[in-house]
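Everything in the sequence shown is counted per the working numbering, starting at 517 for the first residue and increasing by one. Just so it is clear, CB atoms sit at the ideal spot from N, CA and C, and this is done for glycine as well. None of the values given here were measured: they were computed from a predicted structure. One structure is given below, encoded as structure tokens.
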Amino acid sequence: MIDSKGRKAHRAIANFRDFNGEIVRVERRGRTKGAATSKLQNALRERAKMGKAGTWTPNHRFNEVADAWVQEIDELVQDGSRSPRTVQSYKSVLKKHVRPALGELRLAEVTTARVDTFIHKVKAKSGVPTAKLCRSVTSGVMGLAVRSGPLDANPVREIRRIESSRRKKLARSLTVEQVELWLKSVSENERAVKSDIPDLSLFMLSTGVRIGEALALIWADVDLSAGVV
517 MIDSKGRKAH RAIANFRDFN GEIVRVERRG RTKGAATSKL QNALRERAKM
567 GKAGTWTPNH RFNEVADAWV QEIDELVQDG SRSPRTVQSY KSVLKKHVRP
617 ALGELRLAEV TTARVDTFIH KVKAKSGVPT AKLCRSVTSG VMGLAVRSGP
667 LDANPVREIR RIESSRRKKL ARSLTVEQVE LWLKSVSENE RAVKSDIPDL
717 SLFMLSTGVR IGEALALIWA DVDLSAGVV
């Protein structure tokens with residue numbers, strides 16, 4: 517066929533069964549047969565994505581899906597599936613960090629590379645906990661986009677791990693001399709004695725339990741005759 521400028525053009529045509537059940541004719545043109553076929557295939561893929569949920573397309577902006585995601589998590593709070601405090605943290609980082617960085621991007625533009633750069637900038641500026649919250653929120657929004665159809669995969673899944681640069685201190689045991697000095701010190705301290713610190717110290721040293729476990733102990737858990745806690 518000849519196009520409007522008198523140049524030879526190729527036309528690719530296919531029938532597509534839309535999600536309302538109707539058969540529609542989809543046509544694309546190109547300078548070559550391969551170009552026309554490629555344009556038609558892309559058009560069919562986009563039409564298929566648009567029909568999956570009838571809500572979002574790759575051209576919708578991140579902010580629009582974020583609004584719907586917020587509604588979802590609010591419903592989870594009402595159902596008792598999410599803690600109100602956790603959801604409040606999500607909303608806070610969404611407003612302060614995520615929307616300013618990604619909000620006006622179209623879904624197709626929210627790539628793994630962009631998200632990775634954003635998350636690690638947050639880590640450098642605001643710390644690891646905030647960066648992890650931003651990752652969770654961004655993943656939640658993009659997960660909704662995947663479930664709704666326009667995206668095939670969540671770009672947040674492949675970003676680098678968020679790790680703290682601080683090394684954890686290794687646990688260190690007290691020496692016998694340090695234990696003796698500690699017990700002597702707390703036994704001679706009137707305030708410590710009134711607070712039962714010497715007894716608590718002996719109990720923890722003898723059993724190896726954590727301080728939270730020791731403080732949670734009640735008499736019903738103790739069998740003095742058998743010497744068992």
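In whole angstroms, what is the alpha-carbon distance linking HIS576 and THR548?
-> Locating residue 576 in the sequence shown gives position 60, where the first residue counts as 1. Locating residue 548 in the sequence shown gives position 32, where the first residue counts as 1. CA-to-CA, the gap between HIS576 and THR548 works out to about 31 Å.
Check whether the stretch 695-711 touches the stretch 729-739, taking contact to mean three or more Cβ pairs, one atom from each stretch, closer than 8 Å.
-> Taking 8 Å as the limit for Cβ pairs, the verdict is that the stretch 729-739 does not touch the stretch 695-711.
Are the stretch 643-659 and the stretch 600-612 in contact at 8 Å, needing three or more beta carbon pairs?
-> Segments in contact, yes.
Using 8 Å as the Cβ pair cut-off and three pairs as the minimum, do the stretch 586-595 and the stretch 672-679 touch?
-> A contact between stretches requires three or more CB pairs, one per stretch, nearer than 8 Å, and the stretch 586-595 fails this requirement with the stretch 672-679.
Can the beta-carbon of PRO574 be found less than 8 Å from the beta-carbon of ARG615?
-> Translated into the one-based positions of the sequence shown, residue 574 becomes position 58. Translated into the one-based positions of the sequence shown, residue 615 becomes position 99. Contact: no.
How is the alpha helix (DSSP H) around HIS507 delimited, first residue to last?
-> Absent from the model: residue 507. The displayed extent of the chain is 517 to 745, so no value can be given.
8 Å CB neighbourhood of LEU740 in its chain, flanking five on each side removed = As a first step, residue 740 is located in the sequence shown; it is residue number 224 there, counting from the start. Scanning its chain for C-beta atoms nearer than 8 Å, with the 5 sequence neighbours on each side dropped, one finds no residue around LEU740.
Can ARG541 and ALA552 be called in contact, C-beta distance under 8 Å?
-> The sequence position of residue 541 within the sequence shown is 25, counting from 1. The sequence position of residue 552 within the sequence shown is 36, counting from 1. No; because the gap between Cβ atoms is not below 8 Å, this pair is not in contact.
Could you have a look at ARG676 and say whether DSSP puts it in helix, strand or coil?
-> Residue numbering aside, residue 676 sits at position 160 when the sequence shown is read from its first letter. The three-state secondary structure of ARG676, taken from DSSP, is coil.
If ALA669 sits next to VAL581, beta carbons under 8 Å apart, how far is it from one beta carbon to the other, in whole angstroms?
-> By one-based count along the sequence shown, residue 669 stands at place 153. By one-based count along the sequence shown, residue 581 stands at place 65. With a contact defined as Cβ atoms closer than 8 Å, ALA669 and VAL581 miss out at about 15 Å.
Quick one: residues in its chain with C-beta nearer than 6 Å to the C-beta of LEU610, no 5 flanking neighbours on either side, listed in chain order?
-> By 1-based counting over the sequence shown, the position of residue 610 is 94. So the list reads VAL653, once near-sequence residues are dropped.
Have a look at ARG527, GLY656, PRO671, LEU686 and flag the residue whose alpha-carbon is nearest the alpha-carbon of GLU625.
-> In the sequence shown, the residue the question calls residue 625 occupies position 109. Cα-wise, what sits closest to GLU625 is PRO671.
What's the C-alpha gap between ASP696 and SER722?
-> As a first step, residue 696 is located in the sequence shown; it is residue number 180 there, counting from the start. As a first step, residue 722 is located in the sequence shown; it is residue number 206 there, counting from the start. Contrary to the premise, residue 696 reads as Glu rather than Asp in this sequence. The C-alpha of GLU696 lies about 13 Å from the C-alpha of SER722.
Apart from the five residues just before and just after ILE529, which ones in its own chain have a Cβ nearer than 6 Å to its Cβ?
-> Here residue 529 is taken as the residue at index 13 of the sequence shown, counted from 1. Non-local C-beta neighbours of ILE529 in its own chain, meaning closer than 6 Å and more than five positions away in sequence, comprise GLU543, ordered along the chain.
Using a Cβ-Cβ cut-off of 8 Å (strictly less than) and excluding sequence neighbours within five positions of GLY619, which residues of its own chain qualify?
-> Position 103 of the sequence shown, counting from 1, holds the residue named residue 619. If we look at GLY619 and ignore the five residues flanking it on each side, its Cβ neighbours are ARG577, PHE578, ASN579, ALA582.
From which residue to which residue does the alpha helix (DSSP H) around PHE589 run?
-> As a first step, residue 589 must be located in the sequence shown, where it is residue number 73. The question names Phe, but residue 589 in the sequence shown is Ile. Its alpha helix (DSSP H) spans residues 578-595.
Tell me the start and end of each unbroken alpha helix (DSSP H) in the stretch 600-624 that is at least 4 residues and wholly inside, in chain order.
-> The alpha helix (DSSP H) runs of length 4 or more contained entirely in the stretch 600-624 are, from start to end of the chain, 600-609, 615-618.
Using the Cα positions of LEU718 and VAL725, report the straight-line distance between them to the nearest angstrom.
-> On the sequence shown, residue 718 is found 202 positions in, with the first residue counted as 1. On the sequence shown, residue 725 is found 209 positions in, with the first residue counted as 1. Linking LEU718 to VAL725 through their CA atoms gives a straight-line distance of about 11 Å.
Quick one: Cα of ASN531 to Cα of TRP572, how far?
-> As a working mapping, residue 531 is identified with position 15 in the sequence shown. As a working mapping, residue 572 is identified with position 56 in the sequence shown. Our two residues, ASN531 and TRP572, have alpha carbons roughly 23 Å apart in a direct line.
Assign SER664 to buried or exposed, taking buried as 16 or more other Cβ atoms, counted over all protein chains shown, within 10 Å of its Cβ.
-> Numbered from its first residue, the sequence shown carries residue 664 at position 148. The residue in question, SER664, is buried, as its Cβ has 16 or more Cβ neighbours within 10 Å.
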